[in-house]
Every structure is written in structure tokens, then in C-alpha cells.
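J.: Submitted below is the structure of interest, expressed as C-alpha cells.
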Amino acid sequence: MRILFPAAEVAPFSKTGGLADVAGALPKALARLGHEVLVVTPWYAKLGGGASPYWVGDVPSPFDRGFEAVGVGVLEDAVPGTGSLRYAFVGHQDFRRARPYGYPDDARRFARFSRAVPSVAERLAFVPDLVHAHDWHTGYLPMLLARGWHLPPGFPGLRSVFTVHNVQYQGESSLEDAVRWLRLGPDLMGSYLDHFGRANAMQAGVGFATRVTTVSPTYAEEIQTPEYGYSLDGTFRSLSGKLTGILNGIDTDVWDPARDPALPEPYSAADLAGKPAAKAALARRFDLEARRPLLAVVSRLAEQKGMDLLVAAAPGLLERGWSLVVLGAGDPGLEEAVADLARAHGGLVGAHIGYDEDLAHLVYAGADALVVPSRFEPCGLSQLIAMRYGTVPIVRATGGLKDTVRHGATGFVFEHATSAGLEWAAGEALAAYGTPVWRRIQATGMAADRSWHASAAAYSALYESVLRSWV
Ligand code: ADP
Ligand code: GLC
331 MRILFPAAEV
341 APFSKTGGLA
351 DVAGALPKAL
361 ARLGHEVLVV
371 TPWYAKLGGG
381 ASPYWVGDVP
391 SPFDRGFEAV
401 GVGVLEDAVP
411 GTGSLRYAFV
421 GHQDFRRARP
431 YGYPDDARRF
441 ARFSRAVPSV
451 AERLAFVPDL
461 VHAHDWHTGY
471 LPMLLARGWH
481 LPPGFPGLRS
491 VFTVHNVQYQ
501 GESSLEDAVR
511 WLRLGPDLMG
521 SYLDHFGRAN
531 AMQAGVGFAT
541 RVTTVSPTYA
551 EEIQTPEYGY
561 SLDGTFRSLS
571 GKLTGILNGI
581 DTDVWDPARD
591 PALPEPYSAA
601 DLAGKPAAKA
611 ALARRFDLEA
621 RRPLLAVVSR
631 LAEQKGMDLL
641 VAAAPGLLER
651 GWSLVVLGAG
661 DPGLEEAVAD
671 LARAHGGLVG
681 AHIGYDEDLA
691 HLVYAGADAL
701 VVPSRFEPCG
711 LSQLIAMRYG
721 TVPIVRATGG
731 LKDTVRHGAT
741 GFVFEHATSA
751 GLEWAAGEAL
761 AAYGTPVWRR
771 IQATGMAADR
781 SWHASAAAYS
791 ALYESVLRSW
801 V
């Protein structure tokens, strides 16, 4: 099957979070299952992974009352053994910025991107059987396929799958702007595009896609409630018939303690001897007392992630014997609070405020436990990575965390998003630390198959059913 796979961030070329990991790894797994995949993503100012796409040329793309030129770059054979996977980069001065998003004109930038995707695919002679779009940035695509004009042959009426990675971010703008940018008729006002009088790219994706997925089964249930739906819970409830949850995997080529160049010594489930070496290296890096059990965080510092709960619980955790390493960036207030914590507790708390891929590998390997106290978590990858590195997750029971960590079996789980809940679970973990229970939890986590294999097969089955269905 030919799958067109547009995404705002794709590892290793660009990354702000787990969406990039998914858009990096799932297409590889789909290609290995025999699908032909074209991943389309913006051509940002700096591409990671040493990528240097070859320039194909300009294509005209319909936008804002006329047509405009967007550039097309391509990477082929980017991944050995997956000859049927290509990456297309969409060039426009709007995308040539330091970060993928976080700008006031994001809604227009990604309307522009979504509009360009079919033209870019056509330029590369890629006529898809199906489009698989992700999050609000590409939410307009299912609507364009269903109702748009100026589409290349093969695109009108094309079926689509839309995956919700995080419903908190919805890509809102004024309705008038959105229909003008996208070159749509005024009849789209009052459709799924329209959310209380504003254009909403997330809702457009959910409403117009043939099928909708979320990145864990529990999150698919949660977003149908006011607590987690961020005002789209009614939409999700009314469309629950086409909504399912498919758990993310992790890229086991990238995340493998047995062949991870960022670690001082390799290790595996069969021989954990290299793990203390990673802990020692991490303790040296942050000047920490090496003998204490070490708790870690690798995370965006955002309200979603419950980092304020960790900051509140930290003094109690240190008192009970833990040390702590935080690797994260995001909300300035939380960055400050974490930096303060490290300043106030030298020798016990280490913090690196920033984004650092290599350090992340060392933290996952060197820590004894990883804490993920999220208020909501559509899937969460860090707990999956931690488990693969023999690092025990301590998580709140929400979304994908609930679906992937079992209390006492593969980690420690607390119910309520409070610092008391977190302290309780950390206490349970500390009681098990150094006992056979801990080693069993480590072994069970390391043995679990977290590769994309099973989830890619689930997407593949979904694509088949989408092509067979009547709607
Ligand atoms: P989200 O997408 O909500 O941020 P996920 O757990 O799905 O959460 O994915 C986060 C990804 O980003 C993981 O691969 C994690 O290792 C990585 N990550 C988060 N913060 C940092 C950081 N400061 N430095 C390096 N990697 C980070
Ligand atoms: C989002 C979610 C995260 C999920 C990731 C990849 O960023 O916050 O939970 O793992 O997308 O699907």
C-alpha cells in the first residue's frame, strides 16, 4: 500500500517531543512490512541527523487566493533496508526558523504546509492509497481531501487516518483566515472546521478523517471526558465509532543499551554490569553522591508533565534517601524552579535545562528510576525507553502510562496527580530497591517487546480496513 505520511516533526531531522520519535520510527516499521511510504515534513532552518536533501525543484501550491511556489527536497535510502521509504522536505521561508513551532503565526504556517503536501507528492509521482496525518499541524489535510479544490489527480476523496498525539494543542485561528488560506468555500464554516466560531485544525482532522486514532487505548477513552478533552470531548464522544487507540513503540535501533554509543559500557538484560558504569558517569557529570538511589526525569517542562508536583515532592524524596537528575526544558517558571532545586541541594540534585539527546541516553541508562508524574499522557515514550534500559518507571495512572506500566510488576503507579501520590509511589519503589523484587521488575521491563513491530501491524490492519470500508 502507498501511504502518504505528513508530520510537523520527524526524528532525526527535527524534534520537540514524542511526535518526532513516532514519525521517525513508524514509517520505517511500515516500510519493513512492505508498504511504500512518503514522509512529508517542513524544511526547517536546521535539519538534524546530518541530513542534506537533494533539491528537486519548486512546485505550485494553492494558498491564500492564488498559487505560490514551495520547494521540494528529497532524501532516499535514508534508512538501510527500507528502500520503499522516502522523505520529502517542503521549503518555504515560513519554515526556515530555528524551532519547528511556537510562533504566533503557526496556524498559517501549518495551513500552508498542509496545503502543499498533495502538490509535493504529485511532484514526486507519489499517488497514495491513503494519507496518515498527525496532530493539529496536519489536521487540515483530511478536510482538504474530503472537500478541497485544486487537488492533484488521485487526491479528491482520498481516505485518511488522523492520529491525535496531544489534544491540548489544536491550531486555532479565525474562520475567515482559515478558509482563505486553504482556498476553501464558505460552506466549510459550520462544518467540523468550526469550533465555537473559530477554525480548529485538530477538530477538522478528527471530523473529516475516515478513521481517528490516539496513541494509547486509555487516552482514547479519556479524551471523551471534559477533564481530558480540552473542549473537544463532545466531538470525540460523537465520533467514538471511528476512534481507536494504538500504543506507540520505540525505535529499538536508537534505544538499545547493548549498542548505545552514548554509554560508557554496553549492557543487556542478560548482563547488567554496564549499568553501574552509566550511573557513575552520570553522578560524576552532576557531582552527585554516587551511592544513593537515583531518580531521574527526561521531559518537556510543561504543566502536562506534572513537574510542579515533582518540585514540591523533591525535599521529601531527598530526605528519604533519593538523589535526583532532571533533564528538561520548556516553561520558564518550571525551568527556574528546577534550577533552584539543584542550587539548593548540591550533591543531591543535578539539573540540565535544555535539550540534549546524548545526555538523555546517559540519564535513561544511569538512573535507577524514572519519574513521570503527568497530569495527562497520551502515550509517553520516556517510560518505555526507561524500561528498556532497566530503569524502573514511577508513573501516574493516566493515558499510555496506565497502559504500559503495571504497579509492582513493571514499575510503580500512583492514582492522583498530587505530590503526596508521587511521594507514596517513590516510597514503594524505595522499599523494593536493592531487593529481588527490584531485579524482577527490571528484568520484566527489559524483556518486554517495545519495538514498533506490533503497533505497525495494527496500523497496517487499520489501513486495510479503511480501504475496504464504505465511508
Ligand atoms: P512528549 O511528546 O509529550 O514530550 P514523550 O514521552 O512522548 O513526551 O516523548 C518525549 C521524547 O522527547 C522522548 O524521546 C524523550 O527522551 C525526549 N526528550 C524530552 N525532553 C528532552 C530533553 N530535554 N533532552 C533530550 N530529550 C528529551
Ligand atoms: C505527544 C504526547 C505523548 C506521546 C507523543 C507521541 O507529544 O504528549 O504522550 O507519546 O505525542 O505520540
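Heads up: the sequence shown runs through residues 331 to 801, numbered per the working numbering.
Ideal Cβ placement from N, Cα and C applies to all residues, glycine included.
1) Exposed or buried, what is Arg769 when buried is set at 16 or more other beta-carbons lying within 10 Å of its beta-carbon?
2) Does the beta-carbon distance from Ala727 to Glu745 come in below 8 Å?
3) Go through its chain and collect everything with a Cβ distance to Val352's Cβ below 6 Å, but skip five positions before and after it.
4) According to the Cβ coordinates, are Tyr470 and Ala531 closer than 8 Å?
5) Determine the contact status of Pro594 and Ala613, defining contact as a CB-CB distance below 8 Å.
6) Return the chain-ordered list of same chain residues with a C-beta closer than 8 Å to the C-beta of Arg445, the five sequence neighbours on each side being excluded.
7) Under 8 Å, do Gly348 and Cys709 count as touching if we go by C-beta distance?
8) Grab me the residues of Val606's own chain with a C-beta within less than 8 Å of its C-beta, minus the 5 sequence neighbours each way, in chain order.
9) Counting only the same chain and skipping the five closest in sequence on each side, list residues whose C-beta sits under 7 Å from that of Gln634.
10) What separation, rounded to the nearest whole angstrom, lies between the Cα atoms of Ala603 and Leu689?
11) Considering just the uninterrupted stretch of the alpha helix (DSSP H) at Arg798, what are its terminal residues?
12) Verify the contact flag: Ala375, CB atom, against every heavy atom of ligand 1, threshold strictly below 7 Å.
13) Among Tyr549, Ala778, Arg442, Leu657, which one has its Cα closest to the Cα of Val509?
14) Using a Cβ-based criterion (distance less than 7 Å to any ligand heavy atom), does His495 qualify as near ligand 2?
15) In whole angstroms, what is the alpha-carbon distance linking Ile771 and Val701?
16) Determine the contact status of Val370 and Thr540, defining contact as a CB-CB distance below 8 Å.
17) So, at 6 Å on beta carbons, what are the nonlocal neighbours of Ala762 in its own chain, with the 5 sequence-adjacent residues on each side left out?
18) Is any non-hydrogen atom of ligand 1 found closer than 7 Å to the C-beta of Val628, if you look at the structure I gave you?
19) Report buried or exposed for Ser870, applying the criterion of at least 16 other Cβ atoms within 10 angstroms of its Cβ.
20) Check whether the Cβ of Pro587 lies closer than 7 Å to any heavy atom of ligand 2, and answer yes or no.
21) Looking only at its own chain, which residues have a Cβ that is under 6 Å from the Cβ of Ile553, when we skip the five neighbours before and after it?
22) Over what stretch of residues does the alpha helix (DSSP H) that includes Glu649 continue unbroken?
23) Just the Cα atoms here: how many angstroms apart are Arg477 and Arg438?
24) May I ask which residues mark the beginning and end of the alpha helix (DSSP H) holding Pro430?
25) Tell me the residue span of the alpha helix (DSSP H) that contains His691.
26) Quick check on Ile715: does DSSP put it in helix, strand or coil?
27) In whole angstroms, give me the CA-to-CA distance for Tyr719 and Asp524.
28) On the three-state DSSP scale, how would you describe Pro392?
T.: This is what the structure holds:
1) Translated into the one-based positions of the sequence shown, residue 769 becomes position 439. Classification of Arg769: exposed, given that the 10 Å Cβ count is below 16.
2) Here residue 727 corresponds to residue number 397 of the sequence shown, with the count starting at 1. Here residue 745 corresponds to residue number 415 of the sequence shown, with the count starting at 1. Contact flag set, yes.
3) Locating residue 352 in the sequence shown gives position 22, where the first residue counts as 1. Cβ neighbours of Val352 beyond the five flanking positions: Asn578.
4) Here residue 470 refers to the residue found at position 140 of the sequence shown. Here residue 531 refers to the residue found at position 201 of the sequence shown. Going by C-beta atoms, Tyr470 is nearer than 8 Å to Ala531.
5) The sequence position of residue 594 within the sequence shown is 264, counting from 1. The sequence position of residue 613 within the sequence shown is 283, counting from 1. It is not a contact, given that the beta carbons lie outside the stated cut-off.
6) Position 115 of the sequence shown, counted from the start, is the residue given in the question as residue 445. The residues are Ser391, Pro392, Phe393, Tyr470, Leu474, Trp511, Leu512, Arg513.
7) If you number the sequence shown from 1, residue 348 lands on position 18. If you number the sequence shown from 1, residue 709 lands on position 379. Contact: yes.
8) For the purposes of this step, residue 606 is identified with residue 276 of the sequence shown, where counting begins at 1. First, the residue type needs correcting, since residue 606 is Pro and not Val in the sequence shown. Cβ neighbours of Pro606 beyond the five flanking positions: none.
9) For this step, residue 634 is matched to residue 304 along the sequence shown. So the qualifying residues of the chain are Gln498, Ser704, Arg705, Phe706.
10) Here the question's residue 603 lines up with position 273 in the sequence shown. Here the question's residue 689 lines up with position 359 in the sequence shown. C-alpha separation (whole angstroms): 20 Å.
11) The sequence position of residue 798 within the sequence shown is 468, counting from 1. Residues 783-798.
12) As a working mapping, residue 375 is identified with position 45 in the sequence shown. Flag unset: Cβ of Ala375 not near ligand 1.
13) Numbered from its first residue, the sequence shown carries residue 509 at position 179. For Val509, the nearest C-alpha among the options comes from Arg442.
14) Reading the sequence shown from its first residue, position 165 is the one you call residue 495. Under cutoff, so the answer is yes.
15) Within the sequence shown, residue 771 is the residue found at index 441, counting from 1. Within the sequence shown, residue 701 is the residue found at index 371, counting from 1. Near 15 Å, if we compare the C-alpha coordinates of Val701 and Ile771.
16) Locating residue 370 in the sequence shown gives position 40, counting from the first residue. Locating residue 540 in the sequence shown gives position 210, counting from the first residue. Their beta carbons are not under 8 Å apart, which means Val370 does not touch Thr540 by this criterion.
17) In the sequence shown, counting from the first residue as 1, residue 762 sits at position 432. Correct list, in chain order: Trp768.
18) On the sequence shown, position 298 is the one that residue 628 refers to. Under cutoff, so the answer is yes.
19) The chain is shown only over 331 to 801; residue 870 falls outside these bounds and no answer can be derived.
20) Looking up residue 587 in the sequence shown gives position 257. It does not: the Cβ of Pro587 is nowhere closer than 7 Å to a heavy atom of ligand 2.
21) In the sequence shown, residue 553 corresponds to position 223, counting from 1. The answer, listed in chain order, is Val497, Gly559, Phe566.
22) On the sequence shown, position 319 is the one that residue 649 refers to. Segment 637-649, the alpha helix (DSSP H) holding Glu649.
23) By one-based count along the sequence shown, residue 477 stands at place 147. By one-based count along the sequence shown, residue 438 stands at place 108. If I take the Cα positions, the gap works out to 19 Å.
24) As a working mapping, residue 430 is identified with position 100 in the sequence shown. Careful: Pro430 lies outside any alpha helix (DSSP H) and carries neither H nor E.
25) Walking along the sequence shown from the start, residue 691 turns up at place 361. From DSSP, the alpha helix (DSSP H) with His691 extends over 687-696.
26) On the sequence shown, residue 715 is found 385 positions in, with the first residue counted as 1. Looking at Ile715 - three-state DSSP - the assignment turns out to be helix.
27) As a first step, residue 719 must be located in the sequence shown, where it is residue number 389. As a first step, residue 524 must be located in the sequence shown, where it is residue number 194. Their Cα atoms are separated by approximately 45 Å.
28) Within the sequence shown, numbered from 1, the residue matching residue 392 stands at position 62. Strand, per DSSP.
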